[in-house]
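The working numbering puts the first residue of the sequence shown at 2, with every later residue one more than the last.
From the three backbone atoms N, C-alpha and C, an ideal C-beta is built for every residue, glycine too.
Heads up: the structure comes next, in structure tokens.
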Amino acid sequence: MFRSIRVPKPALLALLLLAAAPACTRSGGVPGKVAGTIDVSPALAAKLKPTDTLYVIARAQQVGPPSAVLRIEHPTFPLKYAIGAEHSMIPDMAKNDFNAGGNLTLAARISRTGNALPAAGDLEGVFAKNPAHPGDGGIDITIDKER
2 MFRSIRVPKP ALLALLLLAA APACTRSGGV PGKVAGTIDV SPALAAKLKP TDTLYVIARA
62 QQVGPPSAVL RIEHPTFPLK YAIGAEHSMI PDMAKNDFNA GGNLTLAARI SRTGNALPAA
122 GDLEGVFAKN PAHPGDGGID ITIDKER
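Next up, the structure:
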């Protein structure tokens, strides 16, 4: 009744690699999220205020709205974060961006006013090895620039 199927060794190896791919993430990863630690450079640490608001921003594209934004009031550093589709104002877009294994550019910004729009005096940083991928951990960002 059953017939065996012969699969060439290279094809079998490719199938095994594809099956293992979702499990291959940077250490500490959480499926469907990007996680890491945010810190502030020593040169900017003295500029922090208790009224600051931190925004962690994940973008799948350089234009258009971010895939997700995580807002944290009164942050203390270093700060561990995890951002995923649940932090999006456009859930369908973010689900695709965070579950499809695509490229995400990660950035962090400290807003002096709490406003989501960037302004002069805000402190910023990006993940040095952008892009990141859903499921990645160790996506550490140092805030090291003043706008």
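Report task. Could you check how far apart the C-beta atoms of Y56 and V70 are, in whole angstroms? I think they sit under 8 Å. Result -> 6 Å
**Report entry** Of the listed residues G65, T106, E74, nearest to M90 (C-alpha basis)
**Finding:** G65
Query raised in the report: What does DSSP give as the partner residues of V127 in its beta bridges?
Result: A108
Query - Q62 at chain B interface by Cβ criterion, 8 Å - result: The chain inventory of the structure shown lacks chain B, comprising one protein chain alone.
Query - Alpha-carbon to alpha-carbon, R148 and A47 - result: 16 Å
Query raised in the report: Can you name the start and end residues of the alpha helix (DSSP H) that D98 belongs to?
Result: 92 to 100 is the span of the alpha helix (DSSP H), which, as asked, contains D98.
Report task. Excluding the 5 residues preceding and the 5 following T143 in the sequence, name in chain order all residues of the same chain whose CB lies nearer than 6 Å to its CB. Result -> D40, S42, G126
Query - Best match in A133, T38, G37, P119 for proximity to K146 [C-alpha to C-alpha] - result: P119
Report task. Would you kindly report the start and end of the unbroken beta strand (DSSP E) that includes L71? Result -> 69 to 74
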